[in-house]
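In the numbering used here, the protein residues as written are 512 to 1247. Heads up, the beta-carbon is just placed ideally off N, CA and C, and yes, glycines get one too.
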Amino acid sequence: MMKAVTGWLIVVLTSVLTGVCAQHVPIGTWRVHVSYHNLVDVLSTPANVFAAAPNGVMIVDKADKSVRFYDKGNGLSNSGISRIAYDATTDQLLVAYGNGTFDAVRSNRVRLHDPARNTVLTGPKAINDIYLHGSLAYLATDYGVLIFDLARSEIKETWRDLGENGTTLRILATAVSGDSVFLATESGVIAGNLNENLLDFSKWERFVGSDVSQMTTSIAAVGDVVFTSVPDEGMYAYQGGLWEKVDALPSESFANLTAAQGKLIFTNKVDAWVFDPANGSSARYNSIDAPFTKAIVDDANALWIATDGAGLATNTTGSFSSILPNGPAFNETMALYHNAGNLYVVGGGFTPSYQPSSKAGVVSFFQNGAWSSERYDVADLTSIAINDAGRKFFGSFGFGVIDSDGNGNRIWDETNSSLINAAPPQRNVAVTSVAATRDGLWVANYGVTPALHFLTYETDQWLAFSFPYGNARYPVKVHADFRDNVWVVLNPDNGGGLISFDKSKNEHISYSVQAGQGALPSNRVYEVTSDRDGNVWVGTDAGVAYFFDKNNDAVKPIFENRFLLRDDVVRAIAVDGGNRKWMGTDRGVWLFNSTGEEAIANFTEENSPLPSNRILDIEIDPATGEVFFATDRGMASFRSNATTGDRSFQTVKIFPNPVTNMFNGEVGISGLATDAVVKITDVSGRLIRETRANGGSASWDVRDARGRRVDTGIYLVMAVAFDGTESIVGKIAVVN
512 MMKAVTGWLI
522 VVLTSVLTGV
532 CAQHVPIGTW
542 RVHVSYHNLV
552 DVLSTPANVF
562 AAAPNGVMIV
572 DKADKSVRFY
582 DKGNGLSNSG
592 ISRIAYDATT
602 DQLLVAYGNG
612 TFDAVRSNRV
622 RLHDPARNTV
632 LTGPKAINDI
642 YLHGSLAYLA
652 TDYGVLIFDL
662 ARSEIKETWR
672 DLGENGTTLR
682 ILATAVSGDS
692 VFLATESGVI
702 AGNLNENLLD
712 FSKWERFVGS
722 DVSQMTTSIA
732 AVGDVVFTSV
742 PDEGMYAYQG
752 GLWEKVDALP
762 SESFANLTAA
772 QGKLIFTNKV
782 DAWVFDPANG
792 SSARYNSIDA
802 PFTKAIVDDA
812 NALWIATDGA
822 GLATNTTGSF
832 SSILPNGPAF
842 NETMALYHNA
852 GNLYVVGGGF
862 TPSYQPSSKA
872 GVVSFFQNGA
882 WSSERYDVAD
892 LTSIAINDAG
902 RKFFGSFGFG
912 VIDSDGNGNR
922 IWDETNSSLI
932 NAAPPQRNVA
942 VTSVAATRDG
952 LWVANYGVTP
962 ALHFLTYETD
972 QWLAFSFPYG
982 NARYPVKVHA
992 DFRDNVWVVL
1002 NPDNGGGLIS
1012 FDKSKNEHIS
1022 YSVQAGQGAL
1032 PSNRVYEVTS
1042 DRDGNVWVGT
1052 DAGVAYFFDK
1062 NNDAVKPIFE
1072 NRFLLRDDVV
1082 RAIAVDGGNR
1092 KWMGTDRGVW
1102 LFNSTGEEAI
1112 ANFTEENSPL
1122 PSNRILDIEI
1132 DPATGEVFFA
1142 TDRGMASFRS
1152 NATTGDRSFQ
1162 TVKIFPNPVT
1172 NMFNGEVGIS
1182 GLATDAVVKI
1192 TDVSGRLIRE
1202 TRANGGSASW
1212 DVRDARGRRV
1222 DTGIYLVMAV
1232 AFDGTESIVG
1242 KIAVVN
């Protein structure tokens, strides 16, 4: 029997499910921006369906289709989810990670288990599968099988080094049938009697010479029959001591075998299959929207499918629809860009070796707490720039520049601009970066000469500029400063360094580590940006420096008696409304004061919801102070206490107000004049606290100068602008 999926209804769950709106996010609050487009696992219980993305788990209520979530922002310990499992007896959800740890979620409490904490394990530790049987969970890992006691919530034992000669053997899946346990491994299927000492590798049966003696990635048991898939050969069944090919199924490679409701459910890249061993019948479901990763049948015989691109699909209503919670379209993010209250995100267009990554041309947008996405015909988008008129430009690593003015899209490439095709006859107009100025757009054209190009908005005229250096062929980022200079970062793997260029004078300067030639911390430059004072900050693989004048050597700030972050790779720098510096490294995020000499905060994946310590880009919403971090494993954001200010007071907002005894964070005060002095007093005029705004915002922790929480009452907020004008801004009610 064949059932073809010919149409999909996409049900998008909006920000009502994902959290409060952006303007109501309290200061000091994190948000994790999880993409549920690409799922890695799915399971069903009588009441709920659980579906896992790499950075979160969504729980769908079968009755009303409402959705709730687990992620690092509300309890999970890690990102990089590999598998999930649910035990009804203990009401316990297991969430496994690629780093070898796993969470046990029980009664809304999360307990992290790290099997390697007290052992010496070298090599990969990923958990590849979880199989529940009785009171035990069998976790297949890269080094063996963990047996987890669900009732006691503890690891009972570990079967390690199960290779033929006691060597490490990668276990990919587990199944139990009768008194035997079967393992799908990188060397084929092996089996052991649960009544034997399975810590001893010699107690395991190996099916040498059989069809299942090659690598198998998944295994499942339906009744007393065990099934496994052999790559490119099809499904095999073990019964009565023999492995035999299932002739009722085609000779294909199947993955993620699951047993449910007396049936075998499995997938390949384009199909989900439901096979009934009792009568040999099968149903095949074809996807036309996205590949399948795993499928499950629930107790009502409805199919739930985890897809790679379309979220969670189900046929509970008869036809297929897709449940897709609000979020970005992808986890892999290369570049962020903020403009007019909208955050733009692209997934990246090239690999670390600067080859096209073949990613679809999707741009995600975040505005007012909700995500949306647009797809362009051009692939491998690398960067974004928007000019003062709202004209949007997207760089593509292979297809030039998309020019979107609201009346349609235009592609600039080698046929209609000065941009150069690096690899004719193939199409490869590789653009790594774009930067908008008042009168034109700077474009970095990778791997060619000339490599720097400029588009004039008014006339659509293109200009090209070259420099007399071999490494100048490989620009990876362009940045336009406040003085109409463009700064060009050159590929660190092709000599690196930095160039500044003044178009009006046709003059350039090349910078290196040499004194008198820039005195950079390192030639391996990754980032360049400008601060509120016009200083140009540079991030390298040996720390940070800044130029107050392009004609002088860089200044290296001193922090803790050494050059700032000299042992870190600094890939991203962003400047907030208080002129403070947010710096993204391979070891997390740092926040420094305006000079880089005082550390204010340090966030890592260990002490925050950051999905990863490797920060690729940082962008700030100047109006709200929310700081967005792109990592190699997804996005998170943090509401800081700094916004862009003005010379005068704007519409002042205080949030939350009133402050109840349930609130332990910081009250945000926005709309202030830039760097205003802020005083908190009681109604009698007694000074309670004094602070200074970071740009246009200040915060108050509801405590007095001695650190004690203030009493119930009304408190006045008074501010003094830079010119001495005093203004009573507003009132804060505190109710303890």
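Consult DSSP for A533 and reduce its assignment to one of helix, strand or coil. Residue confidence is low: A533 scores 43 on pLDDT, short of 50, so the model does not pin down where it sits. Its coordinate-derived value is still stated next. In the structure shown, A533 sits in a helix (DSSP, three-state: H, G or I).
Please state whether DSSP places N982 in a helix, a strand or coil. Three-state result, N982: helix.
Rounded to whole angstroms, what's the CA-CA distance from P635 to G591? Just pull it up for me. 14 angstroms
Note down, in chain order, each residue of its chain lying with its Cβ closer than 8 angstroms to the Cβ of Q972, except the 5 sequence neighbours on either side. L966
Identify the continuous beta strand (DSSP E) that holds L709 and give its terminal residues. For L709, no beta strand (DSSP E) encloses it, and the DSSP letter there is neither H nor E.
Using C-beta distances below 6 angstroms, list every residue in its chain close to F841, excluding the 5 sequence neighbours before and after it, in chain order. Spatial neighbours of F841 in its own chain (CB-CB distance under 6 angstroms, excluding positions within 5 residues in sequence) are listed in chain order as S546, G858.
Whole-angstrom C-beta distance between I1020 and D1050, which should lie under 8 angstroms: According to the sequence as given, residue 1050 is Gly; it is not Asp. Wrong, their Cβ atoms sit about 19 angstroms apart, outside the cutoff.
Rounded C-alpha distance that separates I1243 from S907: 49 angstroms
Segment contact, 8 angstroms Cβ cut-off, at least three pairs: the stretch 657-669 with the stretch 687-705: The stretch 657-669 is not in contact with the stretch 687-705.
Opposite D992 in the DSSP bridges: which residues? According to DSSP, D992 bridges with nothing at all.
With 16 as the cutoff for other CB atoms within 10 Å, does I1225 come out buried or exposed? Classification of I1225: exposed, given that the 10 Å Cβ count is below 16.
Where D1186 and S1210 are concerned, what is the direct C-alpha to C-alpha distance, given to the nearest angstrom? 12 angstroms
What first and last residue would you give for the beta strand (DSSP E) that runs through K576? Premise fails: K576 is in no beta strand (DSSP E) and is neither H nor E.
DSSP three-state assignment for P836, whether helix, strand or coil: strand
Roughly how many whole angstroms lie between the Cα atoms of V1245 and L1001? 54 angstroms
Looking at L768: is its Cβ nearer than 8 angstroms to the Cβ of S724? S724 sits away from L768, with the two beta carbons spaced by 8 angstroms or more.
Among A933, I776, V959, N837, which one has its Cα closest to the Cα of S577? N837
Same chain, Cβ closer than 6 angstroms to V522, neighbours up to 5 away in sequence not counted: At V522, the pLDDT of 45 sits below 50, so the modelled position is not reliable and the matter cannot be decided from this model.
Over what stretch of residues does the beta strand (DSSP E) that includes W784 continue unbroken? Start and end: 782-787.
Using the C-alpha atoms, what's the distance from A770 back to G518? Below a pLDDT of 50, predicted positions are generally treated as unreliable, and G518, at 35, falls in that range; no measurement from the model is reported.
So, using beta-carbon positions, are E1201 and K1190 closer together than 8 angstroms? yes
Go to F1149, then tell me how far its beta strand (DSSP E) extends in each direction, as first and last residue. 1145-1150
Beta-bridge partners of Q750, as assigned by DSSP: L753
Whole-angstrom distance between V959 and T1030, CA atom to CA atom: According to the sequence as given, residue 1030 is Ala; it is not Thr. Roughly 27 angstroms between the two C-alpha positions.
Take A824 as the anchor and find which of I931, G539, V553, N1172 has the nearest alpha-carbon. Taking the Cα of A824 as reference, the smallest distance to any Cα among I931, G539, V553, N1172 is reached at V553.
DSSP three-state label for S762, please. coil
Boundaries (first-last residue) of the beta strand (DSSP E) holding I1084: 1081-1086
How far does the beta strand (DSSP E) with W953 in it extend, from its first residue to its last? 951-956
Measure the Cβ-Cβ separation of A991 and A946 and say whether it is below 8 angstroms. Yes.
Does DSSP classify V631 as helix, strand or coil? coil
Comparing C-alpha positions only, which one of D1222, S688, Y1037 sits nearest to V736? S688
Measure the C-alpha to C-alpha separation of D1013 and K1061 and round it to an integer number of angstroms. 10 angstroms
Same chain, Cβ closer than 6 angstroms to Q750, five either side skipped, listed in chain order: V736
Under the three-state DSSP convention, the category V808 falls into: strand
Apply the 10 Å Cβ neighbour rule to K1016 and answer buried if 16 or more other Cβ atoms are within range, or exposed otherwise. Flag for K1016 reads exposed.
Nearest candidate by alpha-carbon position, reference E744, set V733, G752, F738, K756: K756
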